[in-house]
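Read through the structure below, which is laid out as structure tokens, and then see the notes.
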Ligand SMILES: CC(C)(COP(=O)(O)OP(=O)(O)OC[C@H]1O[C@@H](n2cnc3c(N)ncnc32)[C@H](O)[C@@H]1OP(=O)(O)O)[C@@H](O)C(=O)NCCC(=O)NCCS
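In the working numbering, the protein residues as written are 830 to 1204.
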């Protein structure tokens, strides 16, 4: 008898080709278009990475200056979108604000001859922080904020400025910028694959991104950083954390922010984020959260062989940047829009409808009972 491979969750299945990143490829670490994430996180900006992913090359200095200016000019929201954001409930999940905002913008600025996918990629990355914080500030204290904030030249700087209403420190801007870079692209993860499936039907760019946001929202994917923060907040000392995590493991509960479908020997993004988290913790004089995080990391490694993934230490980084937990996943959306955009372009460049098969396990053919004959 031939052994049937378990294809549940498409685990281990190669579902296509990509020139964008090298997730889990032995000896290659994680690269975006061949560049190591370590170099990109330490020496580039999110705008450079967006340009690299979408246009395929790193920008020169004049190209980057022009691109930054373009993105700043794309931060404003159409009045009709502001009206929609004002009408959406203050209690909504902020990820749903971006999902709805993306879909709505697609009706106002549709993809077409005068607006191609490259342009929409920049538009969405530039105006997602505006959408989120316009909605947030309007519902918090009735303020209709100006979103362009020209003097805050990067997405990270603009986001922190719109959130806090005051200029963030260079360390905070750099930390958020690095976190955005590390969340930008990750091969055929669930949300990116969703985007590719959607545009493989020749659907439009906004539909692809809107679907990607929906897939990212779940706690097994992008929502894990918020769940990781909630886990961390349950403990005030490393000893408490150790006891709590042991109990969770006994009950077979999952610790969010740990484990990965592909990286079984560690997520290469986690140590970079951990170093940033440590720096921010020192700056904040923290003696609790970072030691708790480290104890959880050590325990899960020794007890279960589980490593932290991107979400665990990004939660710690965001916490020290004073970013409310409900904005963690929206930040993931903002960053990953760059990778989604690049995958949509790559899918379209060599498109074939994505339509797999399923193994049928339902009932054998049977007679159809008329409605009055049913028990
Ligand atoms: C990411 C994830 C879905 C990958 O899962 P997967 O490849 O399907 O692996 P499985 O869920 O089958 O886990 C394999 C084993 O490790 C355990 N495990 C995996 N992640 C775990 C976690 N975070 N905490 C505790 N145990 C975990 C599972 O319980 C399972 O144990 P078992 O064999 O005793 O049943 C999974 O690790 C997870 O749910 N992590 C938490 C959510 C998260 O952080 N997601 C963000 C990913 S970037």
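C-beta atoms are modelled at their ideal positions from N, C-alpha and C, and glycine is treated no differently.
Here the structure is a predicted model, which is why all the values come from computation and not from measurement.
Here the distance from the Cβ of residue 1138 to the nearest heavy atom of ligand 1 is below 6 Å. When Cβ pairs closer than 8 Å are counted between the two stretches, the stretch 926-934 is seen to touch the stretch 949-962, the count reaching three or more. By the C-beta density criterion, residue 1075 is exposed, having fewer than 16 other C-beta atoms within 10 angstroms. Taking a contact to require three or more Cβ pairs closer than 8 Å, the stretch 1184-1191 and the stretch 1064-1080 do not qualify as touching. Residue 1035: member of the alpha helix (DSSP H) spanning 1034-1045, first to last residue.
Taken atom to atom, the span from the alpha-carbon of residue 1046 to that of residue 1202 is near 44 Å. The alpha helix (DSSP H) runs lying completely inside the stretch 850-908 and spanning 4 residues or more are 866-872, 875-884 and 890-902, given in chain order.
Residue 837 and residue 898 have their C-alpha atoms some 46 Å from each other. Within 6 Å of the C-beta of residue 839 there is not a single heavy atom belonging to ligand 1.
When C-beta atoms of the stretch 1026-1046 are compared with those of the stretch 931-946, three or more pairs fall below 8 Å, so the two segments count as touching. By the CB criterion at 7 Å, residue 1042 and residue 875 fall outside the cutoff. Counted as a single uninterrupted DSSP element, the alpha helix (DSSP H) harbouring residue 1075 occupies residues 1067-1079. Here DSSP, grouped into helix, strand and coil, assigns residue 1017 to coil. Within the stretch 1124-1203, complete alpha helix (DSSP H) segments of at least 4 residues are found at 1139-1149 and 1157-1178, given in chain order. The shortest C-alpha to C-alpha distance from residue 871 to any of 1095, 1004 and 1198 is the one to 1004.
Between the stretch 1095-1111 and the stretch 1131-1144, the count of C-beta pairs closer than 8 Å reaches three or more; the two stretches touch. Collapsing the DSSP output to three states places residue 944 in a strand. Across the structure, residue 1130 and residue 943 are spaced so that their CA atoms are roughly 52 Å apart.
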